[in-house]
Each structure stands twice: as C-alpha cells, then as structure tokens.
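A quick write-up on the structure given underneath.
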Amino acid sequence: MEYKYETHMHTSEGSACSDSTAAEMADKYKAEGYTGIFVTDHFFNGNTAVPRELPWKERIERYCSGYEHALKRGKEIGLDVFFGFEYGNGQADFLTYGLDGEWLYEHPEILDMTVPEYIRLAKAYGGMVIHAHPFREEEYIHSFTLCPRYEDGVEIINASNRLTEFNDRARAYAEWYSLPVTGGSDSHNTTGRFYPGGIVTDFKITCPEDYIAAVKERKILRILDRNRDTD
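The sequence shown runs 1 to 231 under our numbering.
Here it is in structure tokens:
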C-alpha cells in the first residue's frame with residue numbers, strides 16, 4: 001500500500017494569500033486521492049489572515065480555525081488532517097510539526113525571537129522544523145536566511161515554486177549539509193494555485209510524530225513533483 005500526504009498547504013481562515021476555505025481544500029485533496037494533509041497556515045510573522053490587533057488568545061483561536069475546519073470536514077469525508085504552521089522572518093519560512101495551538105498560546109515570545117532561538121525552542125518541545133522553499137526568489141523575499149545547523153530538514157520540492165531551479169538549489173543545499181528531505185505543494189486554493197505535491201509513504205501516518213519520524217529516519221518513499229517524482 002502507498003499513502004499520499006500533503007505537508008504544506010494554506011486555508012483562507014489562516015492565510016491572507018489563500019482564497020479557499022479549509023473545507024474546500026479538504027474536499028480538493030480528497031478528490032486528488034490524498035490520504036491526509038497537514039494544514040500549515042502562515043503564522044503572525046507571515047502573511048496571516050488574523051488581525052494583529054486582537055488579544056493573543058483570540059488570535060490563536062482564529063489562527064487554528066483553518067485546521068479545525070479542515071479536521072471537521074476530513075472526518076466527514078475520510079481524510080486525515082494534522083496541524084502544522086509556517087513560521088517566517090521575511091527572509092525564510094519554516095514549517096513546524098509536532099506542536100499545537102496550545103503550545104502557540106503559551107509562547108507569544110516566539111514573535112520576538114531570532115530564527116535560531118525559535119528553532120531551538122520548538123525542538124526542545126518535540127517539534128520538527130523544516131526549511132520551506134529555501135531558495136525561492138520573489139519580490140517579497142529580500143534575502144535568504146539559512147540555518148543548516150539548526151533546522152531538521154529541507155523542503156527540496158515545493159510544487160508552487162515558479163522555477164524548477166529553486167528546487168534544484170534546495171536539493172543541493174540539503175545534500176551539502178546531509179539534511180533530511182521532504183516536499184510539499186504550498187497550495188493556496190483549489191483551482192489556479194493548486195499544485196499537487198507532498199510525499200508518498202508505504203505506511204499510514206496517524207499523527208504528526210509519525211511524519212517527524214519518517215523525515216528524520218529518511219523513510220519517505222517518494223516526494224511528489226509536478227515534473228518528476230523523487231525518491
């Protein structure tokens with residue numbers, strides 16, 4: 001048996017750059033044959049859809065609503081849904097798994113941390129931090145932040161990257177530092193910006209910890225690519 005998982009996607013509830021709801025995204029991934037998805041909306045230091053003037057607790061509740069709506073819909077249609085988030089500093093984005101909304105609520109200080117400080121804290125609580133699309137070039141990215149001695153792995157295939165060379169650079173970076181690798185679609189809606197991506201495993205992921213182990217132990221069967229599948 002093979003199982004297909006999305007590890008990087010956005011909903012309109014949590015990400016200002018998305019225009020499809022969590023339920024709509026869940027329906028789309030189910031139709032595309034995915035076993036499960038990780039909802040990884042932009043956190044408050046990224047392109048969040050959550051008003052920044054709200055009290056912290058309400059901000060976290062609003063932020064987690066994308067995951068919660070996808071989870072509810074997933075239970076109705078038979079799609080596994082897991083929580084993640086995309087933490088950024090304007091120069092890099094880091095996908096974090098294994099932590100939850102309660103952890104975010106308890107750690108408002110992460111918005112004031114340097115990237116190494118954030119990664120160390122997340123990992124101290126059992127989180128896994130993956131460098132998303134590390135060499136993407138867009139007008140909103142002014143420089144690169146690389147943390148090979150801190151991050152747990154690299155997203156070497158991002159299906160939404162405008163140029164394949166961005167992925168090629170990410171692969172070379174991971175190989176240079178012998179970092180574990182993974183991939184995701186980074187999809188933001190169900191139509192124009194939906195690019196099937198993610199990973200394939202030969203076992204079913206039942207919790208974020210299963211995915212963390214698959215990455216760290218290099219047990220991902222394939223990384224999905226619009227141009228070619230990657231072992």
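Note that beta-carbon positions come from the ideal geometry of N, C-alpha and C, so glycine has one too. None of these values were measured; they are calculated from a predicted model.
- Contact between the region 137-144 and the region 112-126 is absent: fewer than 3 CB-CB pairs across the two stretches fall below 8 Å.
- Apart from sequence neighbours up to five positions away, the residues of its chain that approach S18 with a beta-carbon distance below 7 Å are H10, T11, S12, H188 and N189, ordered along the chain.
- Bounds of any beta strand (DSSP E) do not take in I141, whose DSSP letter is neither H nor E.
- For Y3, the enclosing beta strand (DSSP E) begins and ends at Y3 to E6.
- DSSP places V50 in the coil class of the three-state scheme, outside both helix and strand.
- Within 10 angstroms of the beta-carbon of H133 lie 16 or more other beta-carbons, which makes it buried.
- For the set A16, L79, I77 and L71, the Cα lying nearest the Cα of V50 is the one of A16.
- DSSP, read as helix, strand or coil, puts E155 in strand.
- For T201, the enclosing beta strand (DSSP E) covers residues G198 to T201.
- Boundaries of the alpha helix (DSSP H) around E68: W56 to I77.
- For E109, no pairing in a beta bridge is given by DSSP.
- Per DSSP, the unbroken alpha helix (DSSP H) holding L121 starts and ends at V115 to A124.
- With contacts defined by Cβ atoms closer than 7 Å, D152 and M128 form a contacting pair.
- The region 196-210 and the region 164-176 do not touch, with fewer than three beta-carbon pairs separated by less than 8 Å.
- Non-local C-beta neighbours of A23 in its own chain, meaning closer than 6 Å and more than five positions away in sequence, comprise H69 and R73, ordered along the chain.
- Around L224, the same chain offers G197 and G198 as residues with beta carbons nearer than 6 Å, after the five sequence neighbours per side are excluded.
- When DSSP reads this structure, A132 sits in a beta bridge with D93.
- When DSSP states are grouped into helix, strand and coil, T182 belongs to the strand group.
- Between the region 86-94 and the region 212-226, the count of Cβ pairs shorter than 8 Å is below three; the stretches do not touch.
- Take I60, set aside five residues on each side of it, and the residues of its chain with a beta-carbon closer than 7 Å to its own are G101, L104 and Y105, in chain order.
- Per DSSP, reduced to three states, the secondary structure at L104 is helical.
- It is roughly 16 Å from the alpha-carbon of I212 to the alpha-carbon of D80.
- Taking all protein chains in view, the Cβ of I37 is crowded by 16 or more other Cβ atoms within 10 Å, so the residue is classified as buried.
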